[in-house]
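Asks: If you use numbering that gives the first Met the number 0, the sequence shown corresponds to residues 0 to 967, in order.
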Amino acid sequence: MSKKLLKICFVLLISMQFIFSSSVFAQGENLVRNPGFEEGTTESLHFWQTDCWEKSAGTTEFFIDETEYHSGSKSACIINNKENDSRYKQPIKVKGNTYYRMSCWVKTENVGTETKGANISIDGSLETSRDISETSNGWEYVELYGKTSPNQETFVLTIGLGGYGNINTGKIWIDDVEVVELDSLPPGKTAVNMDPSYSGGDNQNTSENNGSKGLLMLGAVIFFILFLCIIFITLFKDKIPALNAKSNAKTNESKSATQNINNDDEKWIKVKFDKTDFAIMGVMTLIYLVIALYNLGDFKVPTTSWEPTLPGEYFTIDLGKETTLSRIYYYSGLGSTKYNPHSKLRVEYLDENQTFKHLATIEKKNIFIWEFLDTAPVTTKQLKFIVDSTGGAFNEIAIVEQGSTVPVENIKIIDSVLEDESKATIDNLFDEPDKFAFKPSYMNGMYFDEIYHARTAFEHIHRMSPYEITHPPLGKIFIALGILVFGMVPFGWRIVGTLFGVAMVPAMYIFGKKVFKGRFYAFCTAFLMMFDFMHFSQTRIATIDSYVTLFVIFMYYYMYDYFINKSYNTTLKESLKPLFLSGLFFGLGAASKWIAIYGAAGLALLFFINKATEFVEYNKLTTANTKKKPLWISDYPSNLAITLGACVLFFVVIPLVIYIMSYIPYMMVPGENNGISIFYENSKYMLNYHSGLEAEHPYQSAWWEWPIIAKPMAFYFGSNLAPGMTSKIFTMGNPAVWWVGLLALAIVTIWALSKLNKNLVVLFALGAVTFGYIALPKNFFTTLFNSGSAELWWAVIFFGIIAIMLALSRLDTNILITSIASSAAFGTILYLFKDVERGNEYLKSDSTQAIIWACLFICISLLFIGMYKYDKKMLVPLAGLIFQYVPWIAVPRIAFIYHYFSIVPFLILIIVYVIKKAADKYSGMKYFACIYLGIVLALFILFYPGLSGLEVPTSYMKYLKWFDSWYF
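1. Can you tell me whether DSSP reads R97 as helix, strand or coil?
2. Would you check if the distance between the CB atom of P876 and the CB atom of F900 is smaller than 8 Å?
3. With a floor of 3 residues, list each beta strand (DSSP E) that falls wholly inside the segment 564–599, ordered by position along the chain.
4. Determine whether the Cβ of K266 lies closer than 8 Å to any Cβ atom of chain C.
5. Tell me the residue span of the alpha helix (DSSP H) that contains G481.
6. Beta-carbon separation of R345 and N136 under 8 Å?
7. Helix, strand or coil for Y163, going by three-state DSSP, please let me know.
8. So, does the segment 758–772 touch the segment 786–802, judging by three or more C-beta pairs under 8 Å?
9. Kindly indicate the opening and closing residues of the alpha helix (DSSP H) around W703.
10. Using DSSP with H/G/I as helix, E/B as strand and the rest coil, what is T378?
11. Using the DSSP secondary-structure output, state which residues sit across from S331 in a beta bridge.
12. Hey, out of L752, S102, S72 and L125, whose CA is closest to E180's CA?
13. Could you compute how far the alpha carbon of M804 sits from the alpha carbon of L527?
14. With a floor of 4 residues, list each alpha helix (DSSP H) that falls wholly inside the segment 437–478, ordered by position along the chain.
15. Determine the contact status of V911 and F515, defining contact as a CB-CB distance below 8 Å.
16. With a threshold of 16 other CB atoms inside 10 Å of the CB of N618, please say whether the residue is buried or exposed.
17. Please list, in chain order, all residues of the same chain as T542 whose beta carbon is under 6 Å from its beta carbon, the five residues on each side excluded.
18. Name the DSSP bridge partner or partners of F384?
19. Restricting to Cα atoms, I'd like to know which of E82, S72 and I173 is closest to I119.
20. When you compare each of L184, T134 and A75 to G723 by their alpha carbons, which one comes out closest?
21. Indicate whether Y98 and K146 have their beta-carbon atoms separated by less than 8 Å.
22. Are there 16 or more other CB atoms within 10 angstroms of the CB of N352, so buried, or fewer, so exposed?
23. Suppose contacts are defined by Cβ-Cβ distances below 8 Å. Is Q151 in contact with D182 by that definition?
24. Which of the three DSSP states, helix, strand or coil, is assigned to F272?
25. Among Y557, A823 and Q89, which has the Cα closest to the Cα of T49?
26. In whole angstroms, give me the CA-to-CA distance for D273 and G598.
27. Going by other Cβ atoms of all chains shown within 10 Å of its Cβ, with 16 needed for buried, is N609 buried or exposed?
28. With burial defined as no fewer than 16 other Cβ atoms inside 10 Å of the residue's Cβ, what is the status of F832: buried or exposed?
29. Residues in the same chain with beta-carbon distance under 7 Å from T112, minus the five sequence neighbours each way, listed in chain order, please.
30. Excluding the 5 residues preceding and the 5 following F314 in the sequence, name in chain order all residues of the same chain whose CB lies nearer than 6 Å to its CB.
31. In this structure, how does DSSP classify Q848 when only helix, strand and coil are distinguished?
32. Smallest Cα separation from G27: which of Y140, E177, T725 and I940?
33. Would you mind stating whether L571 and I482 have Cβ atoms separated by less than 8 Å?
34. Do you know whose CA, among R518, V668 and N192, lies nearest G970's CA?
35. Assign F477 to buried or exposed, taking buried as 16 or more other Cβ atoms, counted over all protein chains shown, within 10 Å of its Cβ.
36. Check whether the Cβ atoms of S700 and I896 lie closer than 8 Å to each other.
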């Protein structure tokens, strides 16, 4: 009985495999009436309608052309003499919840490339097939797959030039239109929604399934976090004083920290790291390393290449069997030239009459990424590739037949006419089929600015003229190290930047331990960096921000050593070590990206505050009438002179040498005669480029939008995915870090101001509110609250602060006079700028800039003075935050949220400082700190799919869009 049952199951299994494998080819008859435009005339075309956006006479022409056709004797033609969106339309009767393939053949002439060219689409939908632009060599096949809604009965097929928001000019011909019903969606194809009015997604079942998956995933995340919290509290409640109700005594760490603080003036302060610290750092680093390396990139992509020499070259391949074509894949390389025009290969197929007939045109527009072209489902045994234009190299070509996800094997080149046969490497096009990727993605190709930075790293290795010259070379040299080890593969060009991101975890731990002394706070500092969104997404892409951010962390880390100490409490040599290391990392940072130079002002300020404090003490002791003076007094003048000279060496000479040496790859390019002066010429070019860049980008954002995460930036949108699935990579901050960081900064500012004279606090309020009113957009508050004017909101804020100050001072006469004068000044500002038009010229005007920078100078000076009195050591993270951020106010070029990355480490230090101050005052605060860290982790897990490119249901990604401006 069991054998018989086994046989039945086996037969059913074979039958099911046959059904599923053959369903791709099961399609119905053509549902389009008059598909070749053979019936009727221009004035009375059967079954087709014409439509266009701009209907004025002479803008667009529709007619039937009897001189151009793909088959039969006629075709439909559209001429857009002026920019327009024009199309032929036909209603098609369909079944509900069913897949369809829509296709046609088009030919183009002088079609613009800036917007949509000739395409096929569905009326009312923004989804289109691939578009054909410029002047095509022959008839091009385009197709679009779709699925109807459950109760859909008809849809309107449109074929035209342009699209919604995409007006274009040129001439197109249309022929052999087809709409056929499919039993299932072919492998790799994506179906669009054929019913634009239906809000349920691709189909009812898919939508419900995706929604339930999203809810299940969200529930799983919440359950996982709660489970971890329970385990953590259960295992460690006795080991963490904040969780132990019976423990009121301070820990040994706190005692040690107090002793260190009390001995600040007696010895050079050093923070020691024991085995426990290294164990914690090791575990955290290892955990993050595993997370960061998962799905970082493939190790296998085609690397051998062939580069066409002249137009007219061609080669013919034999597929080894009669093959019904589905797609032609191609992986483009770099080639030997710096600027690669869009090269083209015309593809022809051998038809049943043994004649080569035009099939498609491959346009090389990108490099180091798999691309593909959907072909007409013709059956052939041979293909001919003809070079129409040259530019760059092709690393691999793969042919995929219908119903398959792997390339055709045993392809042979049977004929070729090449410019130089002896140097031809045409076999390289078909020598790496094992590296084929049916689903092109970030895993097997470049995305976002990798096309600049990773490409330039490759050029440095091969001594080619660099393509990306708008930033210093050192970052690209680091990328090149990964390529040298792993090859020109995605993992290779991303690994070094990712390791720099991994290194930020222990770097922040040691920074936290140094500032806060306690191990718990060091853990918090590293933890917040581990699970900040931008830290994750920004360090896994082959751009240069990983390198400069780590160097900025270290240049302030070592300046902290010098700033909190007195140089006379140790030997001169020992006191110079942190200055040397700070200068070294400053040089490395500046040679990676210029934003490190912003931090130089902060380093200089910290250094001179330290020296000024020491000099005041020195002067006080030398003028005192005491016989016994400290031993360091006599050596201090000479040591000060040596230190100042050493700073010139450490912060000017050495960084300059590093900067110049980073240009060695430029100097090694053969034939370009780039001497040592190339660094100066390129730096001058960079300055002109960044100061004069006037471009627009859909994801650009202003400096004030970054901390509030007003506009995240999308790096990658996956394609060729299963219906209802999404793959995206975007960069933004973890709201639990960035928004809490703003609150922490406000708290620290209040603490600092508490040490100032109340009259100075009023002056700070005047400067801060005036800066906000002048520098921020007028709709900053009005859009948020949907009522009131900008002047009203800023007035409410300012006079509210004044009222609080007067109440706290109990109407002190001096405060009252200061408040009246400040109110008059602010009122004058409101009156003068009330009706001023706030465009680009407004911000660039001398009067506006003078007020902005005067207000900033007043506020920053008062904040630093107050913080110096409140807690001197916190000047270091404050300086790092302010001097990495404030310069962006003056930068005229467009900017993006990822420019905030180098500020995040200092924001984290300020958050942990507030946590520590609260824990010192309130028992049990560490318990709430643990809950806060759990929220940070929970949000990281929740947003992980959007940070990593993980494929998830589209409905899940919608949960992550908290605001309309988050259009990733």
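C-beta: ideal position from N, C-alpha, C; glycine also.
Keep in mind that this is a model prediction, so the values were computed, not measured.
Replies: Straight from the coordinates:
1. One detail in the question is off: residue 97 reads as Thr in this sequence, not Arg. T97: coil per DSSP, three-state reduction.
2. no
3. none
4. Looking at the structure shown, chain C is missing, and only one protein chain is on hand.
5. Looking at the DSSP string, the run of the alpha helix (DSSP H) that includes G481 is L473 to F485.
6. Taking 8 Å as the Cβ cut-off, R345 and N136 qualify as a contacting pair.
7. coil
8. yes
9. Counting along the chain, W703 falls outside any alpha helix (DSSP H), and DSSP gives it neither H nor E.
10. Looking at T378 - three-state DSSP - the assignment turns out to be strand.
11. F393
12. For E180, the nearest C-alpha among the options comes from S102.
13. Taking the straight line from one Cα to the other gives about 35 Å.
14. 449–460
15. yes
16. exposed
17. Cβ within range, chain order: D448 and H452.
18. Under the DSSP definition of a beta bridge, F384 partners with F314 and V346.
19. I173
20. L184
21. Contact check for Y98 against K146 passes: the beta carbons are separated by less than 8 Å.
22. exposed
23. no
24. coil
25. Q89
26. Going by the C-alpha atoms only, they are around 31 Å apart.
27. buried
28. buried
29. So the list reads S132 and E133, once near-sequence residues are dropped.
30. F384, I412, S415 and I425
31. helix
32. E177
33. no
34. The structure shown has nothing for residue 970, since the chain only spans 0 to 967.
35. buried
36. yes
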